[in-house]
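This report refers to the structure that appears directly beneath it.
What follows is the structure, given as structure tokens:
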């Protein structure tokens, strides 16, 4: 195994990353809502004075009778959504992740999940995507919270095309309960192909490899791909598994991937408590597993900062994935890539 | 199907039976929210036995009128009405809270109880759900009416006022909310714990039509709660019902502790004696 110098690593990773074009998630959400409105006449959209901020002004202009602005009142919005769903409507709640999951969580739980009605919570600005907003608008507990609610589906798509596919899948899914869709905000690197299928409950293998597995979702998928492609150049086979469906969780795929490698990294733009890392550990704790290391937001209120720089500052980046991979593989001992390479 | 034609005497009798049923359920459990149930007996009776369009054979009938018990802890009053309207079997009353898997519990559950339009329990949720239901009726041009019954301390919850604003904004003429103004919450007089008056002024200021009446006066209730089925006309309607906590049982009336209390066999016998012989 050749551990490249830091400078070489940084430069090579930057080149790999730059090969992926960017598109804003908010822009994609607005485009998808507009396209779906014409295709699917049955859904309505609710927002809490976030029509512009969640990118649905074009939807509102073309379909004014299907957009309901509840003002800055997320609890009422979630309850109204449940009431609509109880009367056969399909509401999509377009808000910010922080307020959807922290302020209106009781309505999401009691009114939507317990009643068993389908409400789609499209929660933008999640993670550190609104990093400059500071910890009131950064959202790193939402997956943990929503995952713990019975009857709640939790989806974390990554780039623009996957956001589009995820929304389409959620809209047609025959699920008697709410669906939480965790969304970013600004530009994210695009790795996936437009029009690809999105299967709720399924993991998506993106790279094969037998040395280390990198499990990721959301904005960290592209970082995992960049890291894996860099590692390949250094002689390390890194398997990448995209896990947008945190609940239901593809336990089988995770366990199969775990059996094929010597070490596992889980990378997510979320607290290390309760999110994807926890879901992976929960499912691997019941079976033989190689060592698992989680990369996420430590149990802290992060500093403010632009999304991509803030993620990098906190180690949510390909550079850190690569560094952690080298460390883990050395720790994993003889018979691993470190020895073989 | 539809609403039965009921005379005032019939309704008074159904109210009496409802109070006996409630006592029967609470006796099965050994305790219960007597005060909270007995203050809204006439309101629920008027709705289910004279006003609402419901059909026990079709609990999910899309055109049925909806009822939301925001003050979910008064569920036995609703259970009695649903049982006497044929939505649920009478013997479910005797398993109220008594075993794992009991169909009837402290708070209404859509999951286990046919005829319950939404699960409730956490206070301050009902009006928002009612706004959603009324809005759905308006979008789909259906002519059902939506009723939400709240406690007078339930409106301490801020989300109630969020919902109040939205009902006025969307001009939900098919929505009726009722406040059961029995004056007590768990810790004492509502207006000591957190004052709510002037109630009528507040709801008027929020854009609602407001009527204040005696919540035990069936004649007044029948008029004020008459279904509003045209969602395109008028404003949301608030009925402030002045009531007596524990109404109908002498030793429970206007007594704080009977918001929720244990009941002895001797007290139960007195309750049933005061409520008269009958169905339960």
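Chains as they are written, first to last, in this note's numbering: chain A, 4 to 344; chain B, 307 to 586. Idealized CB from N, CA, C, for every residue including glycine.
Item to check | Three-pair Cβ contact test at 8 Å for the segment 538 to 554 of chain B versus the segment 477 to 489 of chain B | outcome: Counting Cβ pairs under 8 Å, three or more are found: they touch.
Next on the checklist: Please report the straight-line C-alpha distance between residue 142 of chain A and residue 362 of chain B, rounded to a whole angstrom.
Outcome noted: Residue 142 of chain A and residue 362 of chain B: Cα-Cα distance of roughly 45 Å.
Item to check | Rounded separation between residue 445 of chain B and residue 581 of chain B - CA only | outcome: Rounded to whole angstroms, the separation of the alpha carbons of residue 581 of chain B and residue 445 of chain B is 45 Å.
Checklist entry - Quick one: what does DSSP say residue 575 of chain B is sitting in, helix, strand or coil? => result Here residue 575 of chain B sits in helix by DSSP.
Checklist entry - Is residue 174 of chain A helix, strand or coil when you go by DSSP? => result Of the three classes helix, strand and coil, the one that applies to residue 174 of chain A here is helix, per DSSP.
Checklist entry - Is there at least one Cβ from chain A nearer than 7 Å to residue 308 of chain B's Cβ? => result Because residue 308 of chain B carries a pLDDT of 44, less than 50, the predicted location of this residue cannot be relied on, and the following value inherits that uncertainty. No, no contact with chain A.
Checklist entry - DSSP three-state call for residue 284 of chain A: helix, strand or coil? => result Of the three classes helix, strand and coil, the one that applies to residue 284 of chain A here is helix, per DSSP.
Checklist entry - Given a threshold of 16 other Cβ atoms within 10 Å of its Cβ, counted over all protein chains shown, does residue 118 of chain A qualify as buried or as exposed? => result Buried is the label assigned to residue 118 of chain A, since at least 16 other Cβ atoms lie within 10 Å of its Cβ.
Checklist entry - How is residue 555 of chain B classed by DSSP in three states: helix, strand or coil? => result When DSSP states are grouped into helix, strand and coil, residue 555 of chain B belongs to the coil group.
Item to check | beta strand (DSSP E) runs contained entirely in the segment 172 to 215 of chain A, provided each spans 3 or more residues | outcome: Taken in chain order, the complete beta strand (DSSP E) segments of 3 residues or longer contained in the segment 172 to 215 of chain A are 182 to 185, 190 to 192, 207 to 210.
Checklist entry - Under 7 Å between C-beta atoms, does residue 439 of chain B make it to chain A? => result Interface residue (Cβ-Cβ distance to chain A less than 7 Å): residue 439 of chain B is classified as such.
Item to check | alpha helix (DSSP H) segments (min. 4 residues) lying fully within the segment 334 to 367 of chain B | outcome: Runs of the alpha helix (DSSP H) inside the segment 334 to 367 of chain B: 340 to 344, 347 to 352.
Next on the checklist: If distances are taken between C-alpha atoms only, which option among A:37, A:206, A:179, A:207 comes closest to residue 66 of chain A?
Outcome noted: Across the set A:37, A:206, A:179, A:207, the C-alpha of A:37 shows the shortest separation from the C-alpha of residue 66 of chain A.
Checklist entry - chain B partners of residue 109 of chain A, CB-CB under 8 Å? => result Ordered by position in chain B, the residues that pass the 8 Å Cβ test against residue 109 of chain A are 428, 431.
Checklist entry - Going by alpha carbons, who is nearest to residue 389 of chain B out of B:351, B:318, B:346, B:371? => result The residue with the shortest Cα to Cα distance from residue 389 of chain B is B:351.
Checklist entry - Would residue 231 of chain A pass as a contact of residue 210 of chain A if the rule is Cβ separation under 7 Å? => result In this structure, residue 231 of chain A lies near residue 210 of chain A, with their beta-carbon atoms less than 7 Å apart.
Checklist entry - Which parts of the segment 274 to 318 of chain A are runs of the beta strand (DSSP E), unbroken and 3 residues or longer, counting only runs that do not cross its ends? => result Within the segment 274 to 318 of chain A, the complete beta strand (DSSP E) runs of at least 3 residues are 295 to 300.
Next on the checklist: Does residue 491 of chain B come out as helix, strand or coil in the three-state DSSP assignment?
Outcome noted: It is a strand residue.
Item to check | Contacts that residue 127 of chain A makes with chain B (C-beta to C-beta distance below 7 Å) | outcome: Counting only Cβ-Cβ distances below 7 Å, residue 127 of chain A has no contacts in chain B at all, with the closest Cβ about 21 Å away.
Checklist entry - What residues in the segment 83 to 99 of chain A bring their beta carbon closer than 7 Å to a beta carbon of chain B? => result The segment 83 to 99 of chain A vs chain B, Cβ under 7 Å: 83, 84, 85, 86, 87, 89, 90, 91, 92.
Next on the checklist: DSSP three-state label for residue 55 of chain A, please.
Outcome noted: Residue 55 of chain A: coil per DSSP, three-state reduction.
Checklist entry - Quick one: what does DSSP say residue 456 of chain B is sitting in, helix, strand or coil? => result In the structure shown, residue 456 of chain B falls within a strand segment according to DSSP collapsed to helix, strand and coil.
Checklist entry - residue 416 of chain B touches chain A at which residues, Cβ-Cβ below 7 Å? => result The contact set of residue 416 of chain B on chain A, defined by CB atoms closer than 7 Å, consists of 118 in chain order.
Checklist entry - Under the rule that 16 or more other beta-carbon atoms within 10 Å means buried, what is residue 9 of chain A, buried or exposed? => result Exposed: under 16 other Cβ atoms inside 10 Å.
Next on the checklist: Check for me: the alpha helix (DSSP H) holding residue 435 of chain B runs from which residue to which?
Outcome noted: Residues 432 to 445.
Next on the checklist: Can you confirm whether residue 141 of chain A, when its beta carbon is compared against all beta carbons of chain B, has any partner nearer than 7 Å?
Outcome noted: No, no contact with chain B.
Checklist entry - So does residue 187 of chain A have its beta carbon nearer than 6 Å to some heavy atom of the ligand ADP? => result The ligand content of the structure shown is nil, which means the ligand ADP is not present either.
Next on the checklist: Below 8 Å on C-beta distance, what does residue 632 of chain B contact in chain A?
Outcome noted: The requested residue 632 of chain B does not occur in the structure, where chain B is confined to residues 307 to 586.
Checklist entry - Any idea what DSSP makes of residue 339 of chain A, helix, strand or coil? => result Residue confidence is low: residue 339 of chain A scores 49 on pLDDT, short of 50, so the model does not pin down where it sits. Its coordinate-derived value is still stated next. Looking at residue 339 of chain A - three-state DSSP - the assignment turns out to be coil, as it is neither helix nor strand.
Checklist entry - List, in order along the chain, the chain B residues whose C-beta lies closer than 9 Å to that of residue 74 of chain A? => result Neighbourhood of residue 74 of chain A in chain B, by CB distance below 9 Å: 468, 471, 472, 475, in chain order.
Next on the checklist: Strictly below 8 Å CB to CB, what residues from chain B border residue 220 of chain A?
Outcome noted: None at all; the shortest Cβ gap to chain B is about 31 Å.
Next on the checklist: Any contact between the segment 433 to 443 of chain B and the segment 71 to 79 of chain A? By contact I mean 3 or more CB pairs, one from each, below 8 Å.
Outcome noted: Enough Cβ pairs lie closer than 8 Å, so yes.
Item to check | Same chain, Cβ closer than 6 Å to residue 247 of chain A, five either side skipped, listed in chain order | outcome: Counting only Cβ-Cβ distances below 6 Å, and skipping sequence neighbours, we find 158, 159, 160, 220.
Checklist entry - Between the C-alpha atoms of residue 93 of chain A and residue 155 of chain A, what's the straight-line distance to the nearest angstrom? => result Cα-Cα distance, rounded: 16 Å.
Checklist entry - Given residue 250 of chain A, which residues of its chain have a CB within under 7 Å of its CB, disregarding the five upstream and five downstream residues? => result Once the five neighbours on either side are set aside, the close Cβ partners of residue 250 of chain A are 150, 155, 156, 157.
Next on the checklist: Suppose the cutoff is 7 Å on Cβ atoms and the five residues either side in sequence are ignored; what does the same chain contact list for residue 227 of chain A look like?
Outcome noted: Once the five neighbours on either side are set aside, the close Cβ partners of residue 227 of chain A are 217, 219, 243, 270, 324.
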